[in-house]
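**Student:** Residues 1 to 120 (full-length UniProt numbering) make up the sequence shown, in order.
Even glycine gets a Cβ: it sits at the ideal position worked out from N, Cα and C.
All values derive from a computational prediction rather than experimental measurement.
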Amino acid sequence: MITPFVVASREKILKWLNRFMDRTMTLQELLQEVRNMQTRVKFLVDSVRFYNESQQDYLIPVLKTLEYRLEVLEEKILQRIAVGVNGMNSEELDAAQRKDMEQNLYYLVESLDMIKYTIA
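1. For the alpha helix (DSSP H) holding residue 121, just list the boundary residues, first then last.
2. T24 by DSSP, collapsed to three states: which one?
3. Spatial neighbours of T3 within its chain, please: CB distance less than 8 angstroms, with the 5 preceding and 5 following residues excluded, ordered by chain position.
4. Would you kindly check if the distance between the Cβ of M101 and the Cβ of L63 is under 9 angstroms?
5. Quick one: Cα of R80 to Cα of L31, how far?
6. In whole angstroms, what separates the C-alpha of T24 from that of F5?
7. The ligand NAP heavy atoms versus the CB of E29: any closer than 8 angstroms?
8. Which class does L105 belong to by DSSP, given the choice of helix, strand or coil?
9. Under 8 angstroms: do the region 104-115 and the region 50-69 share three or more Cβ pairs, one atom per stretch?
10. With distances taken Cα to Cα, identify the nearest neighbour of I77 among Q56, Q97, T39, F50.
11. By the three-class DSSP mapping on this structure, what secondary structure does L112 have?
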């Protein structure tokens with residue numbers, strides 16, 4: 001259950017990153033994707049708590065790290081939208097803002113890699 005989620009999520013985030021770097025993804029689209037993934041991660045945390053008691057000690061902390069990084073990214077996107085860049089794509093962000101968003105996407109990939117190595 002967890003391994004397919006990690007593999008699919010990692011691929012999905014790399015696609016977001018590519019679209020973001022290619023400047024074809026708006027902040028609103030990225031926000032929607034992040035929120036969808038947050039829902040899946042919360043479900044996964046609950047599933048691990050309920051079904052995988054033996055794995056809770058090592059899986060819950062890494063899943064919580066992923067959850068936290070998604071929340072940070074969501075907050076950064078909401079801050080950009082609040083200042084009026086709602087429909088903007090990454091091209092319209094300044095270089096520092098774009099780099100910050102890209103770094104946060106890389107953090108998500110790192111979190112998924114951490115989960116993958118934890119369950120291996």
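**Tutor:** According to the structure data:
1. Past the boundaries of the shown model lies residue 121; the chain is included only from 1 to 120, so the question cannot be answered.
2. Here T24 carries a coil assignment [DSSP, helix/strand/coil].
3. Excluding its 5 nearest sequence neighbours in each direction, T3 has C-beta neighbours in its own chain below 8 angstroms: K116, I119, listed in chain order.
4. Their beta carbons are not under 9 angstroms apart, which means L63 does not touch M101 by this criterion.
5. Their backbone Cα atoms lie some 11 angstroms apart in a straight line.
6. The straight-line gap from Cα to Cα measures roughly 25 angstroms.
7. Absence of the ligand NAP from the depicted structure is noted, as is the absence of any ligand whatsoever, leaving it without description.
8. Of the three classes helix, strand and coil, the one that applies to L105 here is helix, per DSSP.
9. Because the criterion of three Cβ pairs below 8 angstroms is met, the region 104-115 and the region 50-69 touch.
10. The shortest CA-to-CA distance from I77 to any of Q56, Q97, T39, F50 is the one to Q97.
11. Reduced to three states, the DSSP call for L112 is helix.
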